[in-house]
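Written out below as structure tokens is the structure these notes cover.
There are 4 protein chains.
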Amino acid sequence: MKILILGDVFGRPGRNILRDQLSDIISEHDIDFTIINGENASGGNGLTIKNARELLSLPIDAITMGNHVWHQKEMLDAIDDFPQIIRPLNYPDPCPGKGYKIFLHQNKKICIINLSGQIFMPNLSCPFSSIQALMDDIKDTADLFIIDFHAEATSEKIAFGYYMDGIATAVYGTHTHVQTADERLLPQGTAYITDIGMTGPLDGVIGVDKEIVLETMITKRPKRFVTATGKVQINGIILEISDVDGKATAITRFYETYEV
Amino acid sequence: MKILILGDVFGRPGRNILRDQLSDIISEHDIDFTIINGENASGGNGLTIKNARELLSLPIDAITMGNHVWHQKEMLDAIDDFPQIIRPLNYPDPCPGKGYKIFLHQNKKICIINLSGQIFMPNLSCPFSSIQALMDDIKDTADLFIIDFHAEATSEKIAFGYYMDGIATAVYGTHTHVQTADERLLPQGTAYITDIGMTGPLDGVIGVDKEIVLETMITKRPKRFVTATGKVQINGIILEISDVDGKATAITRFYETYEV
Amino acid sequence: MKILILGDVFGRPGRNILRDQLSDIISEHDIDFTIINGENASGGNGLTIKNARELLSLPIDAITMGNHVWHQKEMLDAIDDFPQIIRPLNYPDPCPGKGYKIFLHQNKKICIINLSGQIFMPNLSCPFSSIQALMDDIKDTADLFIIDFHAEATSEKIAFGYYMDGIATAVYGTHTHVQTADERLLPQGTAYITDIGMTGPLDGVIGVDKEIVLETMITKRPKRFVTATGKVQINGIILEISDVDGKATAITRFYETYEV
Amino acid sequence: MKILILGDVFGRPGRNILRDQLSDIISEHDIDFTIINGENASGGNGLTIKNARELLSLPIDAITMGNHVWHQKEMLDAIDDFPQIIRPLNYPDPCPGKGYKIFLHQNKKICIINLSGQIFMPNLSCPFSSIQALMDDIKDTADLFIIDFHAEATSEKIAFGYYMDGIATAVYGTHTHVQTADERLLPQGTAYITDIGMTGPLDGVIGVDKEIVLETMITKRPKRFVTATGKVQINGIILEISDVDGKATAITRFYETYEV
Ligand SMILES: [Fe+2]
Ligand SMILES: [Fe+2]
Ligand SMILES: [Fe+2]
Ligand SMILES: [Fe+2]
Ligand SMILES: [Fe+2]
Ligand SMILES: [Fe+2]
Ligand SMILES: [Fe+2]
Ligand SMILES: [Fe+2]
């Protein structure tokens, strides 16, 4: 089985390039299941109902989120209407939405989990104890466990990868919007990469117009962020998974740029 | 001209793999000038006098540093005895050491600059105004400007890259210890990568023994860090620079792992 | 001379209680000069032009600001029209507004300075080097130096107090919205207090409706902040200053609560 | 019943002033039960076994801790030998020590609880959900609930006070080392103060030699901290509690300075 996972879709440029390219990518690479991170899909800030529907009209099976999950307030009420959307597991209970979901696909039960890190991030519950509690509950109910670990610090992401090594099928990072080059199978077989990158504007600053970001960083004064224009990129990974034992056999980076 | 730049050398494993491999790498890739980041070379924390001498006995032309620069206290007094060591420019004056140095090499004046970011980092002076002031002073005194931007946040690193685009020959990030896959020539020609990665243990957490890091992250209690053992990696980039106009013509990632 | 200084005026409750009580306080305590911190005067976030005019129609001589200074965007263009408004000195140049102002009052030149701390605060320039550079310039041009040090960490505030001890007439903290009980004359004579507190709602959380704050802290999900209602407080200090040598002779806390 | 609670005892100056003055304070104010915060009692960093015994040889009934609780490593193994020492409740399980303890005193069951905040603090579990879970368990097993909320941000401390209003007998803050002037009975009767202050050197920076702190803040370079010398202070509060219903009837600040 081949699973395509794409990094944080950013604003209209990110949504449009998926509309234009996703089907071709899926065909070309013989993809069976597609996951995207959608926390920045609406103007860089969260996900509106409209944009969720727009993305889910494409061949996308699951959408994970991150620290921006509630920045479009309507999603607080709407998230439970979207079985495909998964928000970080380690929000305190009770919380709208769900932190994982098991998809039945080609006779495989694929569990997709979203978690937030703590270092340089909002104060959610400990991701290590959250995943431990979840796995104690559900480890026998799925065949594959794919985890989007949405975090800033490389140390926390790598440590989390080792923590799940041999337990999860794959642990991949999101949030920094820059793809890392450290993809590999960890010693116990879990596929790992620190960050899969971003799907959106290439010539901005993690999605935002670069002149605006520079102005705020130089003046230290706030300014309303605007999505960058111009060329775009699609960033992500392709996981190959054994049909025999459900273990990852390969993790390959996907990094394409497009004129628009 | 080809310049090899290697990411944060971590502890004895990092120093030893350079002792064993650096000459071969330099020969094989026809390297003219070599820069390493040395902020973690002594047990992961700063750089001792002894280790500085050990590294400089290898074919290393310049050593840049970062937030760990003063963690071996003896370096406060000794740094001015090492013309090859460069610490972040944006420490407040007066400060031992220097934030840049111009090397004369093959009739080219190569200016190496080290700067620290501010986001999720110590409160040094603004790197944007620091580099502006420096460039106002020295822009006509060197042919190449190579900048190690030691920072955590991808946004600040990318923004800094754009800020220097067309001015610096190359801007590369260090500090996260994970190599990124976004190397490219920016629109105005500056070679750029968000992080060049780490030279040291492969199977630790950014250099540290993974069991210890996991224990501190799970228990939230401190524990003395120990350098990881086992396989090692050398991470970095190779810059190719035109002899005609001193502009970067290529930036290539270097990422090798070694059994030890 | 007696100077009244009032802590961060918060929203309409803060503005209204000053409208109702300030003149009486000034009469009762025989105040000669009045300073307020206005960074939260408009809905808790910055200061609108309208609210600035409203406050300056009261017997207020100077308004200092803080990290919220630019949260009402119109103030970026308008601040230079208000000679009484002082924003943190350590914003990078160029920046609208000014970081200090010398007022001529009763034949005394009173210099009011506003500075931001760095610990747990935005990345402005170092307040220690900023004040050093300013004092090198202007130390002979005023009789009194009164500094609003807008900062979070008690360590940085106390350290700054000592740094200016014997140089400034008074150093007082703002930003935490809670008055501290450590007012005193430092060894070299500078009047000091870590925080003068807030002027606004008593039964909120530093000005904001407590149920909303509790909900955000418990759920870790964002919610729009609303100013608290009910009883209000006026917090501040009264400085007494010798007419002979311009030194502080007393610093007294002012802490009153009012039914509304 | 009168309970004396003293803020963070800092180093030898803090321990010595308690040795010299505590008995007199207890007599003079007719104190029935004494609590101190001991997280800085050993050189400013944690609490050694020796210093714990030294403090407990004084008329001290309970010692609460904070973020420095494990900075003397021997306490990890020893803490369970000290029934009087209480560390923050919201360390993840399992963890040495305990987060609360019920003392039987004058026929009253006094429950002392220690909790850490999250804002600008280490990533412990949410204090709101931690206290909720604890109170669900034990609310009927004690007569008084006294909570040391060890936190940085005034917003989190005040919010926590309101959260426990009418449930806890008293909520008091520690950690900033500066006493606040906002002591009061909250609307539902809980005694509250944002910070009770520090017991230790008066003329340092939250306990540390001021020249050293200033040097680190100005140069941005690390330097080994040394406890300040000279005058000392004892900071804290006195709670008066009704024998009839166990509710707080008064909260009074205690703030004395001493020549040594
Ligand atoms: Fe994102
Ligand atoms: Fe994110
Ligand atoms: Fe490093
Ligand atoms: Fe670093
Ligand atoms: Fe404020
Ligand atoms: Fe503020
Ligand atoms: Fe403390
Ligand atoms: Fe503390």
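Protein chains in written order, with my numbering: chain A, 7 to 266; chain B, 7 to 266; chain C, 7 to 266; chain D, 7 to 266. By construction, the Cβ of each residue, glycine as well, lies at the ideal position given by its N, Cα and C atoms.
Taking the alpha carbon of D:ILE23 as the reference point, which residue from D:ALA256, D:ASP251 and D:VAL238 has its own alpha carbon closest? Looking up residue 23 of chain D in the fourth sequence gives position 17. Nearest to D:ILE23 by alpha-carbon distance, out of D:ALA256, D:ASP251 and D:VAL238, is D:VAL238.
On the CB-based measure, 16 or more other CB atoms within 10 Å of its CB, does D:HIS156 come out buried or exposed? Residue 156 of chain D sits at position 150 when you count from the first residue of the fourth sequence. That one is buried.
Check this for me: beta carbons of D:ALA165 and C:THR186, under 8 Å apart or not? Against the fourth sequence, residue 165 of chain D aligns to sequence position 159. Against the third sequence, residue 186 of chain C aligns to sequence position 180. Between D:ALA165 and C:THR186, the gap from beta carbon to beta carbon reaches 8 Å or more.
With the cut-off set at 8 Å, would you say B:TYR296 and B:ILE240 are in Cβ contact? One cannot answer for residue 296 of chain B here, as it falls past the ends of chain B, which runs 7 to 266.
Looking at C:GLY13 and C:ILE202, is the spacing between their C-beta atoms short of 8 Å? Mapped onto the third sequence, residue 202 of chain C falls at position 196. Mapped onto the third sequence, residue 13 of chain C falls at position 7. Result yes, Cβ atoms of C:ILE202 and C:GLY13 sit closer than 8 Å.
For the region 225–236 of chain C against the region 28–39 of chain C, do three or more pairs of beta-carbon atoms, one drawn from each stretch, fall closer than 8 Å, so that the two count as touching? no
Pull out every residue of the region 118–140 of chain B whose Cβ sits closer than 8 Å to any Cβ of chain A, in chain order. Within the region 118–140 of chain B, the residues whose Cβ lies closer than 8 Å to any Cβ of chain A are, in chain order, PHE126, CYS132, PHE134 and SER135.
For a contact meaning CB atoms closer than 7 Å, what does B:PRO98 contact in chain C? Reading the second sequence from its first residue, position 92 is the one you call residue 98 of chain B. Here the neighbours are CYS132 and SER135.
As a quick exercise: from A:VAL232, A:LEU208 and A:GLY123, pick the residue whose alpha carbon is nearest that of A:VAL266. Taking the first sequence and counting its residues from 1, the one referred to as residue 266 of chain A is at position 260. Of the candidates A:VAL232, A:LEU208 and A:GLY123, the one whose C-alpha sits nearest the C-alpha of A:VAL266 is A:LEU208.
DSSP-derived helix/strand/coil call for A:SER122: Mapped onto the first sequence, residue 122 of chain A falls at position 116. In this structure, DSSP gives A:SER122 an extended state, which the three-state scheme calls strand.
Listed in chain order, which residues are found with a beta carbon closer than 6 Å to a heavy atom of ligand 8? D:GLU45, D:GLY72, D:ASN73, D:HIS74, D:HIS156 and D:HIS181
Sequence-distant residues of its chain with Cβ nearer than 7 Å to B:LEU28 (five each side left out): Walking along the second sequence from the start, residue 28 of chain B turns up at place 22. Apart from the 5 residues on each side of it in sequence, B:LEU28 sits with its Cβ closer than 7 Å to the Cβ of LEU64 and PRO65 in its chain, given in chain order.
Since A:ILE55 meets chain C, which of its residues come closer than 9 Å, beta carbon to beta carbon? In the first sequence, the residue the question calls residue 55 of chain A occupies position 49. Residues of chain C passing the Cβ test: none, with the nearest at roughly 17 Å.
C:LYS226 at chain A interface by Cβ criterion, 8 Å: As a working mapping, residue 226 of chain C is identified with position 220 in the third sequence. Yes - at least one Cβ of chain A is within 8 Å of the one on C:LYS226.
According to the Cβ coordinates, are C:ALA148 and C:LYS115 closer than 8 Å? In the third sequence, residue 148 of chain C corresponds to position 142, counting from 1. In the third sequence, residue 115 of chain C corresponds to position 109, counting from 1. Contact flag set, yes.
Alpha-carbon to alpha-carbon, A:MET71 and C:GLY195: Mapped onto the third sequence, residue 195 of chain C falls at position 189. Mapped onto the first sequence, residue 71 of chain A falls at position 65. Rounded to whole angstroms, C:GLY195 to A:MET71 spans 56 Å at the Cα level.
Along the alpha helix (DSSP H) that carries D:ASN22, what are the first and last residues, could you check? Position 16 of the fourth sequence, counting from 1, holds the residue named residue 22 of chain D. Run containing D:ASN22: 17–35, per the alpha helix (DSSP H) assignment.
So, D:GLY172 versus D:PRO19, is the Cβ gap smaller than 8 Å? Taking the first residue of the fourth sequence as position 1, residue 172 of chain D is located at position 166. Taking the first residue of the fourth sequence as position 1, residue 19 of chain D is located at position 13. In this structure, the beta-carbon distance from D:GLY172 to D:PRO19 does not fall below 8 Å.
Answer yes or no: the CB of B:HIS77 versus the heavy atoms of ligand 1, is any distance below 7 Å? The residue you call residue 77 of chain B lines up with position 71 of the second sequence. No, ligand 1 has no heavy atom inside 7 Å of this Cβ.
Could you tell me the alpha carbon to alpha carbon distance between C:ASN113 and C:SER248, rounded to whole angstroms? For the purposes of this step, residue 113 of chain C is identified with residue 107 of the third sequence, where counting begins at 1. For the purposes of this step, residue 248 of chain C is identified with residue 242 of the third sequence, where counting begins at 1. If I take the Cα positions, the gap works out to 13 Å.
Cutting at 8 Å between CB atoms, please list the residues of its own chain near C:ILE41, excluding the five before and the five after it. Residue numbering aside, residue 41 of chain C sits at position 35 when the third sequence is read from its first letter. If we look at C:ILE41 and ignore the five residues flanking it on each side, its Cβ neighbours are ILE9, LEU10, ILE11, LEU12, ILE66, ASP67, ALA68, ILE69, THR70, ILE118, ILE152 and ASP154.
Applying a beta-carbon distance threshold of less than 7 Å, which residues of chain C neighbour D:LYS216? The residue labelled residue 216 of chain D in the question sits at position 210 within the fourth sequence. Going along chain C in sequence order, the residues near D:LYS216 (Cβ under 7 Å) are ALA165 and TYR168.
Drop a sphere of 10 angstroms on the beta-carbon of A:THR180, count the other beta-carbons inside from all chains shown, and report buried for 16 or more, exposed for fewer. As a working note, residue 180 of chain A is residue 174 in the first sequence. Its Cβ being crowded by 16 or more others within 10 Å, A:THR180 is buried.
What does A:GLY213 pair with, by DSSP beta-bridge criteria? Indexing the first sequence from 1 puts residue 213 of chain A at position 207. Bridge partners of A:GLY213: none, in fact.
Just list the residues that DSSP pairs C:TYR198 with in beta bridges. Residue mapping note: residue 198 of chain C aligns to position 192 of the third sequence, counting from 1. Within the DSSP secondary-structure output, C:TYR198 pairs in a beta bridge with C:VAL177 and C:ARG190.
Please indicate yes or no: does the CB of C:ASP154 lie closer than 7 Å to some heavy atom of ligand 5? Taking the third sequence and counting its residues from 1, the one referred to as residue 154 of chain C is at position 148. Result no, Cβ not under 7 Å from ligand 5.
For the alpha helix (DSSP H) containing B:ARG59, list its first residue and its last residue. As a position in the second sequence, residue 59 of chain B is number 53, starting the count at 1. Here the alpha helix (DSSP H) through B:ARG59 covers 55–62.
Assuming contact is defined by CB atoms lying nearer than 8 Å, are D:ILE91 and D:GLY103 in contact in what I supplied? Your numbering for residue 91 of chain D matches position 85 in the fourth sequence. Your numbering for residue 103 of chain D matches position 97 in the fourth sequence. Result yes, Cβ atoms of D:ILE91 and D:GLY103 sit closer than 8 Å.
D:ASP14 CB to nearest heavy atom of ligand 7 below 7 Å: In the fourth sequence, counting from the first residue as 1, residue 14 of chain D sits at position 8. Yes, the Cβ of D:ASP14 comes within 7 Å of a heavy atom of ligand 7.
The alpha helix (DSSP H) spanning A:GLN239 covers which residue range? The residue labelled residue 239 of chain A in the question sits at position 233 within the first sequence. Counting along the chain, A:GLN239 falls outside any alpha helix (DSSP H), though it belongs to the beta strand (DSSP E) covering 238–247.
Taking the CB atoms as reference points, tell me whether B:GLY52 and B:HIS77 lie closer together than 8 Å. Against the second sequence, residue 52 of chain B aligns to sequence position 46. Against the second sequence, residue 77 of chain B aligns to sequence position 71. Yes.
Return the Cβ separation of B:PHE134 and B:TYR169 in integer angstroms, given the expectation that the two are a contact with Cβ distance under 8 Å. Stepping through the second sequence from its first residue, residue 134 of chain B is reached at position 128. Stepping through the second sequence from its first residue, residue 169 of chain B is reached at position 163. With 8 Å as the limit, B:PHE134 and B:TYR169 qualify as a contact, their Cβ atoms being about 6 Å apart.
With H, G and I counted as helix, E and B as strand and the rest as coil, what does DSSP make of A:ASP99? Here residue 99 of chain A refers to the residue found at position 93 of the first sequence. Coil, per DSSP.
Using three-state DSSP, classify B:MET7 as helix, strand or coil. Here residue 7 of chain B refers to the residue found at position 1 of the second sequence. Three-state DSSP puts B:MET7 in coil, outside helix and strand.
Closer than 8 Å by beta-carbon distance: list the chain B residues that pair up with A:GLU162, in chain order. Position 156 of the first sequence holds residue 162 of chain A. Under the 8 Å cutoff, chain B gives MET223.
Report the rounded CA-to-CA distance for D:LEU150 versus D:ALA197, giving the unit in angstroms. Counting from 1 along the fourth sequence, the entry for residue 150 of chain D is found at position 144. Counting from 1 along the fourth sequence, the entry for residue 197 of chain D is found at position 191. Going by the C-alpha atoms only, they are around 12 Å apart.
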